[in-house]
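Numbering (UniProt numbering), first residue to last: 1 to 783. Ideal Cβ placement from N, Cα and C applies to all residues, glycine included.
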C-alpha cells in the first residue's frame, strides 16, 4: 500500500483494520448526534455532483474522493450510475453532495465535471453466500498511461503482480476498469480484462482446487492477498513483459459450450482426439509456463486421405469449436495469379492479421487459423514443374518463410488438406511447419453408424424413416463407404421414396398424398445397388469374369477353393501375415480368372479390385505403372483388401517372338507384390498366368508366397458333369447316347480342353437343331 493511500485509510477508519473487511469504528466526531441520519447507508442512493479531484495524489490510489459527512461507517464502496463501482475515501474540506473522481476514473465512467450522477452506497459486509465478491482470479493488461512515453522497458510480471496486490489489497475491481499505479517512477495503466469471484470461505479453503472455483459469478470483486493475478501486455504497448506471473489462468481455447456431437462429423473421434492433443493442449496452458519449457506450439496440421472422408468438413469444424479468430478458408488454386509476384502477395496477406496482433500482444494474442484446401495445387515438390514461370516454387518458398522464417509467429495454425500427400514439398512437412500428419481414412462400422445417424437425423425427427430401417444393418452393409458416399446413399434412398409418389406423364405431378411417406428398408437396399463406394468391390467386373459360376467337374476344383479359402482367412484373422500372395497358373482357358473372381467375391473383403490388361489397352508403360500403383495405394486405405492381377504375361506385354516385355511394369509388380501394407492394413494378392515358365525366367515366381495349379479337363467324366451342369439335354436318354458316342470317338485316347473352351463349344452346339452331332464334331476338332 502506498503511503498516501495508507494515510487516507487511517483517516477514514480511525485505526487498524481487518485484512479482509477493514471494518472498525469510525471517529465519533464524524458520527454523533442528529447528523448521523444524514449519512448514506448501504442501499441508499442520491444525486451528487462531479467535481475535479481535490487531491492529485489520489491518482495512484484507485480511490474516489468523497465528503466525510455523506457516508455511514459501513460504506466502503459506491456504485455510480448503476454501473461503475468505486472504492471511496473521505477528504477533509470536500463539500457534502460532491464526489471527486480522478481523470482516469472520469474517462472510465464518462463523467463530466459539473455533471449530476446517481451514487448508491454499497455495504462493506458483502461476504455472504449470494454476493460472492472476493476475487480468486484477476487478469490485467498493462501499458504506459501516456502513449507518447511508450518504450520497450523490461518489466517482470511477478513484480507487477506483487505491486498490484500490495497497493490495492481489499479494493473492489470491476471487469473493464482501468487504474494507474507507479512503477519505478513511471505511470503504468492497468485494465481488468477478466475476473472470477467466489465466496470468502471458498477462497480461504486451501483444499479447494482451481477446478472447483465457479467462474464469473459477479462482474466485480474484492482483491485479496490470495487472488491469482495474470499480467499481459496491452494492445499496441511496447512494454517488454518478462518472467512468469503468479497465475493459475487457463487459456479457454475451446468454446465453453462445445460438444463433439454438435460438429456433425461422424466416425472421426480418434482423429479429433489426436488433433486436440497435438495442436491445442499446449495452448490451454499459460503462455509463460509453456515458454519456461522452451516448447513451441504446433503451427501446422496436414489432413490427408481418400476423397469424401470429411477432411474439409473436419477443418471447418475445428474453427467452430475453438475460441479463436474467424478462420480464413482458402482453396489452393485461389492463391495463384497470372501477374508476377501477386501469388506471393496473396500468401502474405493471409498472415497479416496474425502478424499485426502478435506485434501488439505477443504470446497473449488470439489464435489465427488459416485453412488451405487442395494444398497439393500450390505446394508441389519444388523443381517438379516445367511451366517455366517458377511461380509454384515461389509460392512454396513464401509459405515456408511465413510459417517458420526469421520472424516466427506463435499465434497461427495452418490446416492443410490433400488427397495426394506424396505431391507436397518435403520441406513443408517437417516439424515446425505442417508437422502433424493425420490420415482421415475410411470410417469403420461404428463410424459409419454415426454418419448414418447424422444424415438421417431430420428424417427420424420428422418421423419419415420407416420402422423397418435398421441403421446398424446399413452400417454393416456399407463397407468402405466414405462419409460423402453415405450421404449420397441417403439421398438415393430418399429419391426412391419420392418416386413412389410421382406420376410421370406429359408432366410430372404428385400421384397421391405424401403426408404418410416413409423411407423404407427396401429404398435403402435399392440405393445400395445404385451407390457404389470408390474403394469397394468392382462387383460388375468380377460377375462378368465368373458369369457361369464355378463348375466342380473334378475333385481338384473343390480342393483349390478350399485352399484359397484358407488364404482368405489367414489374411483376415492372422496378425502375423498381413500380406499373402497367391499365383494361379495353368493352361490357357482352364478357368483361372473365373476361379480368382469367385474367391474374391466369396471373401467379403470391403476392397476388391482387379488389375487386368483389358483395362489398359493402348496405355504406355508409364500409364500402366501409374494405374497399377494407384490400385495398390488405394488398397492401403482400406483395412482389408484383395487385388486380382489377371493375365500377368499380357500385362507385361510379353510375346514369344523376340521375347519382348515391359521391364518398367515388371519392376513395379515385383516391388508392389512384395511390399508390406501399412500398419493395421492387410492385403491378399491373387495373380493368374498361363506362362509360368516366363514368370520364372523373369524371377517373378519368388514374389508370390503360394502357388496353385489349375488344370484343363482331361476326362469324359468331367465333360459329362459340365454338360449336366449347363443342362445341355432335357432327357437322360440323350445324355446316355451322347456319352456313348463320345467314348467311341475318343476310344480311350487322352485329350485336354479348357473349361472356357468347352463352355463355348456347348453354347455353339446348342444353336444347331442337331446339337448332338454338332457337339461331337466340335469337341473332337478342338481336342
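Just how far apart, CA to CA, sit residue i and residue j?
i	j	result
residue 231	residue 161	7 Å
residue 197	residue 357	29 Å
residue 155	residue 233	10 Å
residue 328	residue 377	18 Å
residue 285	residue 638	38 Å
residue 248	residue 326	With a pLDDT of only 44 at residue 248, under 50, the local geometry of the prediction cannot be trusted, and the value read off the model is given with reservation. If I take the Cα positions, the gap works out to 27 Å.
residue 709	residue 458	56 Å
residue 663	residue 369	48 Å
residue 409	residue 167	36 Å
residue 649	residue 421	32 Å
residue 67	residue 56	16 Å
residue 475	residue 436	30 Å
residue 753	residue 743	16 Å
residue 728	residue 534	40 Å
residue 152	residue 366	22 Å
residue 766	residue 644	33 Å
residue 321	residue 548	56 Å
residue 446	residue 479	11 Å
residue 493	residue 456	11 Å
residue 787	residue 147	The structure shown does not extend to residue 787, since the chain is modelled only from 1 to 783, so the question has no answer here.
residue 174	residue 225	17 Å
residue 41	residue 95	18 Å
residue 191	residue 633	57 Å
residue 781	residue 658	31 Å
residue 762	residue 751	17 Å
residue 109	residue 64	12 Å
residue 317	residue 149	44 Å
Taking Cβ to Cβ, would you say residue i is nearer than 8 Å to residue j?
i	j	result
residue 143	residue 237	yes
residue 276	residue 415	no
residue 332	residue 374	yes
residue 678	residue 640	no
residue 309	residue 442	yes
residue 486	residue 452	yes
residue 45	residue 120	yes
residue 140	residue 98	no
residue 471	residue 449	yes
residue 686	residue 582	yes
residue 611	residue 622	no
residue 71	residue 88	yes
residue 527	residue 481	no
residue 267	residue 483	yes
residue 138	residue 77	no
Measuring alpha carbon to alpha carbon, tell me which of the options ends up nearest residue i.
i	options	result
residue 182	220, 321, 191 and 164	164
residue 739	727, 723, 750 and 730	723
residue 668	737, 697, 291 and 631	631
residue 335	393, 121 and 782	393
residue 345	397, 54, 693 and 661	397
residue 747	716, 576, 770 and 733	716
residue 642	683, 657, 602 and 673	683
residue 372	301, 323, 608 and 343	301
residue 112	89, 81, 556 and 63	81
residue 280	268, 319, 307 and 306	319
residue 299	432, 462, 707 and 316	432
residue 488	531, 522, 521 and 461	531
residue 348	399, 292, 362 and 313	399
residue 195	180, 185, 172 and 188	172
For residue i, write down the residues that DSSP places opposite it in a beta bridge.
i	result
residue 141	191 and 232
residue 47	118
residue 64	88
residue 371	329 and 415
residue 100	65
residue 772	Partner(s): none; residue 772 has no beta bridge.
residue 493	DSSP, once it has assigned bridges, lists no residue as partnering residue 493.
residue 174	220
residue 240	154
residue 95	According to DSSP, residue 95 bridges with nothing at all.
>> I'd like the ranges of any beta strand (DSSP E) spanning at least 3 consecutive residues and lying wholly in the stretch 379 to 449.
In response: Listed in chain order, they are 412 to 418 and 436 to 439.
> In chain order, which beta strand (DSSP E) runs of at least 3 residues are fully inside the stretch 300 to 354?
Replying inline: Runs found: 300 to 304 and 328 to 331.
>> I'd like the ranges of any alpha helix (DSSP H) spanning at least 4 consecutive residues and lying wholly in the stretch 687 to 750.
In response: DSSP runs (the alpha helix (DSSP H)) wholly in the stretch 687 to 750: 692 to 697, 716 to 725 and 732 to 746.
>> Threshold first: 4 residues or longer. Then list the alpha helix (DSSP H) segments lying entirely within the stretch 543 to 627, N to C.
In response: Entirely contained in the stretch 543 to 627, the alpha helix (DSSP H) runs reaching 4 residues are, in chain order, 555 to 573 and 592 to 603.
> Which parts of the stretch 511 to 540 are runs of the alpha helix (DSSP H), unbroken and 4 residues or longer, counting only runs that do not cross its ends?
Replying inline: As far as the stretch 511 to 540 is concerned, its whole alpha helix (DSSP H) runs of at least 4 residues are 521 to 530.
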